[in-house]
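Undergrad: The listed protein sequences derive, respectively, from chains G and S. Position in the first sequence counted from 1, then plus 538, gives you our numbering. Position in the second sequence counted from 1, then plus 538, gives you our numbering. Just so you know, even glycine gets a beta-carbon here, dropped at the ideal spot from N, CA and C.
2 protein chains.
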Amino acid sequence: MHDWSGLEVGYDVPALPGMALREVQTPALVVDLDAFERNLARMRSHAEASGMRLRAHAKTHKSADIARLQIERGGACGICCQKVSEAEALVRAGISDILVTNEVRDPVKIDRLARLAARARIIVCVDDPENVAPLSRAAQRHGVTIEALVEIDCGARRCGTLPGAPAVQLARVIDGAEGLRFGGLQAYHGPAQHIADPAERAAAIAAAADVTAQTISLLKDAGLDCDIVGGAGTGSFPFEARSGVYNELQCGSYVFMDADYERIRAEDGGRVGGFENALFVLTSVMSVPVRDRAVCDAGLKALAVDSGLPRVFDRKGLRYDGASDEHGVLAVDGGEVSINERIKLVPGHCDPTCNLHDWFVVVRGETVETLWPVTARGKVF
Amino acid sequence: MHDWSGLEVGYDVPALPGMALREVQTPALVVDLDAFERNLARMRSHAEASGMRLRAHAKTHKSADIARLQIERGGACGICCQKVSEAEALVRAGISDILVTNEVRDPVKIDRLARLAARARIIVCVDDPENVAPLSRAAQRHGVTIEALVEIDCGARRCGTLPGAPAVQLARVIDGAEGLRFGGLQAYHGPAQHIADPAERAAAIAAAADVTAQTISLLKDAGLDCDIVGGAGTGSFPFEARSGVYNELQCGSYVFMDADYERIRAEDGGRVGGFENALFVLTSVMSVPVRDRAVCDAGLKALAVDSGLPRVFDRKGLRYDGASDEHGVLAVDGGEVSINERIKLVPGHCDPTCNLHDWFVVVRGETVETLWPVTARGKVF
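Shown next, in the form of structure tokens:
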């Protein structure tokens, strides 16, 4: 339990437990705990129903508290991270099973990763045979075993070796390296998450699953089994789950959702997975210079706009129309808007929005139940 | 001087003083100290030559060290902040003359602002008569004087009362309020900074200066003098300086510059003010899956893309082509790119980029000279 004494509301923290939602200093990141818990339960059911393991992605929230809840109550077998410093922060907070869904190439970072493997199960991705010897030497130096997945490019065109023979060749190199253990495949198709049309999204994942299945089969021929075949995100996981190819889902955004994911439709027309908005940027109106324009206190330093502007939640007659560094301009469509009125914004993109804040203000109904630190905020290296 | 003992490179800090630039853990925010110092001197000369005071805007860097250098060596009479929490952070660090270039409406924030005025000269903007009584009561409660500028909308269409009679009416209310002192006008035209064409930009500022001059004249008729007529930013300050209307420049980005400001031309075709790039996001290449694509470790959590993607600095054959949360995709135009190669990126927008990081790695040539904390990082409330 956190010690709240000595913390100054406003300067140190946006709120304290027991405060009313309307007293929270804004802009602040607010978690609707009821919606969050329902999202946890929904994803647990989805994973159980499909017989898949869930390895929840912590890059979304960067919070040790949420990672723990995903494992203890949300059915997750472990956690994904994207950076060594993120993994360091979560291992220090007691998380003991972490896949870094990324390549680690810098010698200092490789050493840091190997040191972590003395305290937790550490799995990492590799897409280049040249990466194997440095990882192996670091593992031996620290007397640990690092599990390594071969990351294949299954359509995302970012990192990843080519599927098929090059992937098998790389797996062989890993398998022969002291201190490493070949753990399987990383086959994540990021851009597919954001294809709005379900049929096109299904086709992208089907293509990814195809090349993944072919690679698994070639690996089997070479005597190499895949403990983990990982991938999938909140936008596409039903397709990976049904493919019969994957066995670990790496969804992250499902706990919160955002305005971008609201545009992603399920096959039946509803929202994929049935998840609901559990994350908001709470903002206050600070100026109403003219009848049709209000200005709120949440701009580019309080919410990420890379995937579009935020959506005003559950409040008619207002639209978030433009962001500058510290201001949001609200278009007022008739009706009144009051100075100091609190407004909930659904951020365009939850991951980089969380990374802007130090605290989640965790709310049950209209009351602050607790605060969770954004444990790995700014841990980008 | 900071105590560096006990800080772990990688987890706590991206570098330590004395390290070589190539050893810095990436992604990291790097300040080229030579270029930074030249920018300080350039702006000091501009302000002196035009007989204007410079009140440098700290929202760009959020750093107490840089604010101090702007005052002690860069000719600034004081500092601008955008949020009460930013001002709190800088007052705690010893800055003693601060204009909050923004309205403060929340009762708790008003109280915090008044408490600051016991420790520093505090000036704030007002655009609504309803704001005056709460400010006045807080000032009296804490036994302080708060200076208040009337913010007018001189074309930006964000906050600000209408110029002319409504501004005079508001100034009268401030002038009559116990604990407040009418300090002048805030007449900032933000969007004008980013108009690429110098003639169009000049026209926007000329229109702003016109309504400001008319308002000053009406205030004079009402017996109200303006100690401060403030506004201007890095993109437009030569126009405000020449107008004869303003007396305080509020430039911020000049210390660093960014890719967006590179597109802003001076009247003679060069760069406005002659400022040079002093801020970079240092990134490392972490994957080269195919000949024409490399992937680096700086994405949306290391740089802000609201004003466009970053530009690769002083390195031929590479273009930053797309950002995801933790990755940047680099288009490789012939030539070789090596794993772990360090690349300097000029961020699209310096202010929200600084706010993503905890430290400035301050470099002289190829050596880390010191680190400056981003003192008010995340101080958005």
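1. Take residue 739/S as the anchor and find which of 777/S, 750/S, 653/S, 726/S has the nearest alpha-carbon.
2. Taking DSSP as the reference, what is the three-state secondary structure of residue 904/S?
3. If distances are taken between C-alpha atoms only, which option among 850/G, 745/G, 751/G, 806/G comes closest to residue 797/G?
4. At least one CB of chain S closer than 8 angstroms to the CB of residue 644/G: is that the case?
5. Would you mind telling me which residues of chain G sit closer than 8 angstroms to residue 746/S, beta carbon to beta carbon, in chain order?
6. Is DSSP giving residue 566/G helix, strand or coil here?
7. Going by CA-CA distance only, name the one from 593/S, 598/S, 621/S, 601/S that's closest to residue 612/S.
8. On the DSSP letters alone, give me the boundaries of the alpha helix (DSSP H) that residue 647/S sits inside.
9. Does the Cβ of residue 639/G have 16 or more other Cβ atoms within 10 Å, making it buried, or fewer, making it exposed?
10. Throw me the rounded Cβ distance for the residue 629/G and residue 606/G pair, which I believe falls under 8 angstroms.
11. Can you find a CB in chain G that lies within less than 8 angstroms of the CB of residue 761/S?
12. Given residue 803/G, which residues of its chain have a CB within under 8 angstroms of its CB, disregarding the five upstream and five downstream residues?
13. By the DSSP assignment, the alpha helix (DSSP H) with residue 776/S in it spans what residues?
14. Short of 6 angstroms in beta carbon distance, which residues of its chain neighbour residue 650/G, apart from the five on each side in sequence? Order them along the chain.
15. Can you look up residue 824/G in the DSSP assignment and give me helix, strand or coil?
16. What do you reckon, are the CB atoms on residue 771/G and residue 788/G nearer than 8 angstroms?
17. Who are the near neighbours of residue 816/S in its chain, counting only those whose CB is closer than 7 angstroms to its CB and skipping five residues on each side?
18. CB-CB under 8 angstroms to residue 705/S, same chain, minus the five flanking residues each way: which ones, in chain order?
19. Would DSSP call residue 852/G helix, strand or coil?
20. What are the start and end residues of the beta strand (DSSP E) that includes residue 594/S?
21. For a quick check, are the C-beta atoms of residue 697/S and residue 641/S less than 8 angstroms apart?
22. Can you list, in chain order, the residues of its chain whose CB lies under 7 angstroms from that of residue 848/S, leaving out five sequence neighbours each side?
23. So, are the CB atoms of residue 601/S and residue 898/S less than 8 angstroms apart?
24. Give the interface partners of residue 904/S over in chain G, defined as CB-CB distance under 9 angstroms, in chain order.
25. Quick check on residue 574/G: does DSSP put it in helix, strand or coil?
26. Residue 855/S and residue 598/S - do their beta-carbons sit closer together than 8 angstroms?
27. Between the region 890-897 of chain G and the region 863-882 of chain G, are three or more C-beta pairs nearer than 8 angstroms?
28. Assess contact between the region 896-916 of chain G and the region 554-567 of chain G, defined as three or more Cβ pairs (one per stretch) separated by less than 8 angstroms. Is contact present?
29. Below 8 angstroms between beta carbons is the criterion; list the residues of the region 884-899 of chain G that meet it against any residue of chain S, in chain order.
30. Considering only residues of the same chain and omitting the five flanking positions on each side of residue 713/G, which have a CB-CB separation below 7 angstroms?
31. Please identify, using Cβ separations under 8 angstroms, the residues of the region 838-866 of chain G that lie next to chain S, in order along the chain.
32. Thinking just about the alpha-carbon of each residue, which of 844/G, 905/G, 633/G, 710/G is nearest to the one in residue 596/G?
33. From residue 874/G to residue 661/S, what does the alpha carbon distance come to, in whole angstroms?
34. To be precise: take each residue of the region 774-787 of chain S, compare its Cβ to all Cβ atoms of chain G, and keep it if any distance is under 7 angstroms. Which residues remain?
35. Just tell me which of 775/G, 654/G, 730/G, 709/G has its CA closest to the CA of residue 759/G.
TA: Reading it off the structure:
1. 777/S
2. coil
3. 850/G
4. yes
5. What residue 746/S touches in chain G: nothing, since even the nearest Cβ is about 15 angstroms away.
6. strand
7. 593/S
8. 645-654
9. buried
10. Residue 629/G to residue 606/G, Cβ: 13 angstroms. No contact.
11. no
12. 734, 735, 736, 809, 810
13. 775-781
14. 622
15. strand
16. yes
17. 569, 570, 573, 574, 577, 793, 794, 795
18. 688, 690, 699, 723, 753, 756, 757
19. coil
20. 591-595
21. yes
22. 797, 819, 841, 858, 883, 884, 885, 886
23. yes
24. Those within 9 angstroms of residue 904/S in chain G number zero; the least Cβ separation is about 18 angstroms.
25. helix
26. no
27. no
28. yes
29. 887, 889, 890, 893, 894, 895, 896
30. 720, 762
31. 838, 839, 840, 842, 843, 844, 861, 862, 863, 864, 865
32. 633/G
33. 30 angstroms
34. none
35. 709/G
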